[in-house]
């Protein structure tokens, strides 16, 4: 396997990995597809700064010019932010084509996990994972994020599965694939914009130290796949459960009317929900990412002590 031909790890990230210092991976779809410019760039840079303040090294991940990049420069983040929806939203199936053609791609949870693992990064912070979409029994619309979690040894820190999904079926899928779902200081699965969903996680863990120990035990024993840590959005930024679910139902109905499907579904729904909530959902989205960055940094620090 000649991965060095395609993988480009920044000097800062490479040095941190070699010195066993804590590193936290970040996705880039949130930059290109998650929110408008310039808020996307501001959020990405702020998230990196939060990780640094908490004692870890940030590694924003993307595909640029046919290279798998782990650790973007400010200019590269700005480039993705301005290019926005023109950048390919890249999942596992897209990687060979982007690499062969020297193209750009913004990484989803799945592709961020792949590149993080190739670079030697074990902790990844994101907003929310993809999952089983509502109506998947007809459409078979299931995010590649779930399959990647079953295969790739990366701990994913998120605010739960996006509440636009069928959360019950998402949990069932993860159970079938042997992926543990952990609630950080909670027994209930958070649902992205809200702290409650009505569904229970597999395990509750209350400290970053114990989260690191559990993941370390998993990797030391050679068990395949990753681990999902769900971290509830801070109470002050959480949205009202009924308000957000009414907005989601309306957005899903409109998506069906317009024939939106596949990887266009999530960006369409998030944009529509932002419109229906008067922008409140975007504020919540940004704050939950910052909250996850703090926790991921603390886990990465504890994990580095165990190596």
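Residue numbers (this note's numbering): 2 to 308. Backbone N, C-alpha and C fix where the C-beta goes; we use that ideal spot for every residue, glycine too.
Quick check: the Cα distance between residue i and residue j, rounded to an integer number of angstroms?
i	j	result
residue 54	residue 61	16 angstroms
residue 199	residue 5	45 angstroms
residue 239	residue 127	17 angstroms
residue 114	residue 258	33 angstroms
residue 24	residue 307	14 angstroms
residue 82	residue 36	9 angstroms
residue 124	residue 296	10 angstroms
residue 26	residue 72	8 angstroms
residue 211	residue 122	19 angstroms
residue 102	residue 186	45 angstroms
residue 141	residue 168	15 angstroms
residue 19	residue 12	10 angstroms
residue 220	residue 207	20 angstroms
residue 79	residue 65	12 angstroms
residue 105	residue 17	26 angstroms
residue 97	residue 76	25 angstroms
residue 84	residue 109	16 angstroms
residue 52	residue 260	39 angstroms
residue 170	residue 265	20 angstroms
Quick one: residues in its chain with C-beta nearer than 7 angstroms to the C-beta of residue i, no 5 flanking neighbours on either side, listed in chain order?
i	result
residue 255	273
residue 188	201, 202, 205
residue 281	240
If you drop the 5 nearest sequence neighbours on each side, which residues of the same chain put their C-beta closer than 8 angstroms to that of residue i?
i	result
residue 236	196
residue 174	132, 133, 143, 147
residue 288	234, 235, 238
residue 14	24, 58, 60, 71, 72, 120, 122
residue 86	33, 34, 268
Can you tell me the Cβ-Cβ gap for residue i and residue j, rounded? I've got them flagged as a contact below 8 angstroms.
i	j	result
residue 246	residue 293	Contact flag wrong, Cβ pair sits at about 22 angstroms.
residue 90	residue 34	6 angstroms
residue 155	residue 118	6 angstroms
residue 213	residue 304	4 angstroms
residue 129	residue 298	About 18 angstroms separates the two Cβ atoms, so there is no contact after all.
Closer than 6 angstroms by C-beta to residue i: which residues in its own chain qualify, once you throw out the five before and the five after it? Chain order, please.
i	result
residue 111	92, 93, 145, 146, 149
residue 100	7, 67
residue 151	178, 180, 226
residue 49	59
Taking the beta strand (DSSP E) that residue i falls in, what are its first and last residues?
i	result
residue 53	Note, residue 53: premise wrong, no beta strand (DSSP E); alpha helix (DSSP H) at 40-54.
residue 68	68-71
residue 8	8-10
residue 59	58-65
Since residue i is in the alpha helix (DSSP H), which residue starts that stretch and which ends it?
i	result
residue 228	Run containing residue 228: none in the alpha helix (DSSP H); it sits in the beta strand (DSSP E), 228-231.
residue 133	Taken as a continuous stretch (DSSP letters only), residue 133 belongs to no alpha helix (DSSP H), as it is neither H nor E.
residue 93	First-last for residue 93: undefined, no H or E at that position.
residue 211	209-221
Inset, instruction - Spell out a yes or no on whether the stretch 151-162 and the stretch 187-204 are touching, meaning 3 or more CB-CB pairs, one atom from each, closer than 8 angstroms. - result: Result yes; three or more Cβ-Cβ pairs closer than 8 angstroms.
Inset, instruction - Specify whether the stretch 224-234 and the stretch 242-250 touch according to this definition: at least 3 beta carbon pairs, one from each stretch, less than 8 angstroms apart. - result: With the rule of 3 Cβ pairs closer than 8 angstroms, the stretch 224-234 does not count as touching the stretch 242-250.
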